[in-house]
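Quick note on our numbering: the sequence shown kicks off at 6 and runs consecutively.
Here's the structure we're looking at; comments come further down.
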Amino acid sequence: MSDKSEIVIVSNRLPVHRVDREGRSGWETSPGGLVSAMTPILRDRPSTWIGWAGATDWSPDPFIHEGIRNYPVPLTADDIANFYEGFSNSTLWPLYHDAIRTPSYHRHWWRPYQEVNERFAAIAAEVAAPNGIVWIHDYHFQLVPAMLRVLRPDLRIGFFLHIPFPPQELFAQMPWRRQVLEGLLGADVVGFQTKMGAQNFSRLCRKYTDAIGARDLDYQGRHVTVQAFPISIDYARYESLARDPAVRQRAEVLRAQLGEGRRIVLGVDRMDYTKGIDIRIKAYGELLRSKRTTLRDTVFVQVAVPSRERVDEYQTLRDDVERLVGGINGSYGELGMTPIHYLHRSLPAEELVGLYLLADVMVVTPFRDGMNLVAKEYVATRIEDDGVLLLSEFTGSAHELKSAMLVNPHDVDGLTNRLYAALTMSPTEQARRMKRLRRTVKENTVYDWANSFFEALAA
Ligand code: F6P
């Protein structure tokens, strides 16, 4: 394989993770749509994926795994504290999610953010073939496009933001707003999850930079395409897992454990304060308190995957969620029967699909979410056209999944009423909605998403 790559992907994490089994360690491909969408494209041509290998004490040399060259970039413990936990996840993350937690602005985080972006840009410049394509992912690397353009003006550079892009009123808070916009304007294509994100970006660029144009922009003599590319899932994979006899058998075991005859309400999220885990638990508690449902009728299963556990706000959220769950189980549970089953861990895809198959109601209630793929995964597994998706209006998915039961997660009474309506929805109405939802997800898979971004970049 040539050491120069026609396609280069830049993302915070590599598409692989280290596993240690029986004293032997090696790499395994990480789960997730982005990785599966890229794999067929990257395998066909000389390509490199640049990212962090996940540890601060060592970083291996570039290596090939399943046909893709991985280029690990070392990040020190200070980088993680300032670039990742600091600027990325305590400044940008809350700011871009409607400031539902107060963003912190620290100059001692901004400099490391610039430095790490410079490091990634330098490696991309080194490995990309002449006139190659570099596709940069997410909020960690908003300065890379412009840095890379200075080093390698011959490249086609794409940037995709996986999280929301905020409106002017919020973005304007950031002391480094102009630098971030100019960083992104270094790309030929800047992609967002929704039209709203794309509009926010164009409007902000017109206000704070020299860019002009309505949606697409002209900047420093170049054309910058600004467009929505809603990300999706590998639909066929989820549908086939839903038909897999082993998964269905596992679902039956779980059903027996949760109690035959009880309707199942399910939430699956990273443990993140954007996801509205607390509010949906409160709504379920309200239904029990008002006796609109009982312990015998329903059971709530919440899977919360540990995430960013060294960031204070995430620790507080976990404490809050666990207190809420404990309170409700204490008040309404009986010996041998609890209203809420709470798992703070990640589950393999087969187990998750087993739970999707059982869920009469899937609750997805983020206060703000770039897309939310759990909603799409649930839909893809509902091969019998039943079940209800209760979906926050403030997710990117809600722009596509219009036949879901939409909710405002800030309105706890509204959410409680909608949860009750979902639990009592007729099979005919469930089927009417679910058929449409499944068609929508099937028509735009993660492969369509990746192909349309590459097409825009090649244009
Ligand atoms: O949705 C944004 C995102 O950064 C994803 O790309 C990632 O899979 C997820 O959040 C988890 O984040 P982290 O890499 O910080 O654990």
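Backbone N, C-alpha and C define an ideal beta-carbon position, used for all residues, glycine too.
The structure presented is a predicted model; accordingly, all values stated were derived computationally and were not measured.
| task | Between the Cα of A241 and those of E265, R444, W54, V231, spot the shortest distance and give me the residue it belongs to. | result | R444
Review point. Is V308 near V273, with beta carbons less than 9 Å apart?
Key: yes
Outcome for S295 when other beta-carbon atoms lying within 10 angstroms are tallied against a minimum of 16:
exposed
| request: Kindly indicate which three-state DSSP category G72 falls into: helix, strand or coil? | output: coil
Cβ atoms of V121 and Q147: under 9 Å apart, would you say?
no
Which stretch, first to last residue, makes up the alpha helix (DSSP H) that contains V358? 354-363
TODO: May I ask whether a heavy atom of the ligand F6P can be found less than 8 Å away from the beta carbon of L39?
DONE: yes
- Exposure label - K4; buried when at least 16 CB within 10 Å: The requested residue 4 does not occur in the structure, where the chain is confined to residues 6 to 464.
query = CB of G375 to nearest heavy atom of the ligand F6P: below 8 Å?
reply = yes
Can R23 be considered in contact with the ligand F6P, in the sense that its beta carbon sits closer than 8 Å to one or more heavy atoms? no
Any idea what DSSP makes of G196, helix, strand or coil?
strand
Worksheet item: Going by DSSP, which residues form a beta bridge with F164?
Response: I141, V195
When DSSP labels each residue in this structure, what does M43 get in the three-state scheme? helix
Discussion item. I'd like the list of long-range same chain contacts for H404, defined as Cβ closer than 6 Å, with 5 residues on each side in sequence excluded.
Written reply: T199
(Q) For the region 309-317 against the region 353-362, do three or more pairs of beta-carbon atoms, one drawn from each stretch, fall closer than 8 Å, so that the two count as touching? (A) no
When the distance is taken between beta carbons, is I73 closer than 9 Å to V132?
no
Rounded to the nearest angstrom, what separates Q232 and P180 at their Cα positions? 26 Å
Item to check | 9 Å Cβ cutoff met for V270 and T303 | outcome: yes
Three-way DSSP call (helix, strand, coil) for Q232 in this model
strand
request  = Can you say whether E327 is buried or exposed, counting buried as having 16 or more other CB atoms within 10 angstroms of its CB?
outcome  = exposed
Could you tell me which of K381, L424, D277, D325 sits nearest to F305, measuring between CA atoms? L424
Worksheet item: Given R373, which residues of its chain have a CB within under 7 Å of its CB, disregarding the five upstream and five downstream residues?
Response: H102, D103, I105, P169, T279, F399
Worksheet item: What are the partner residues of F539, as DSSP defines its beta bridges?
Response: Nothing can be reported for residue 539, as the shown portion of the chain is limited to 6 through 464.
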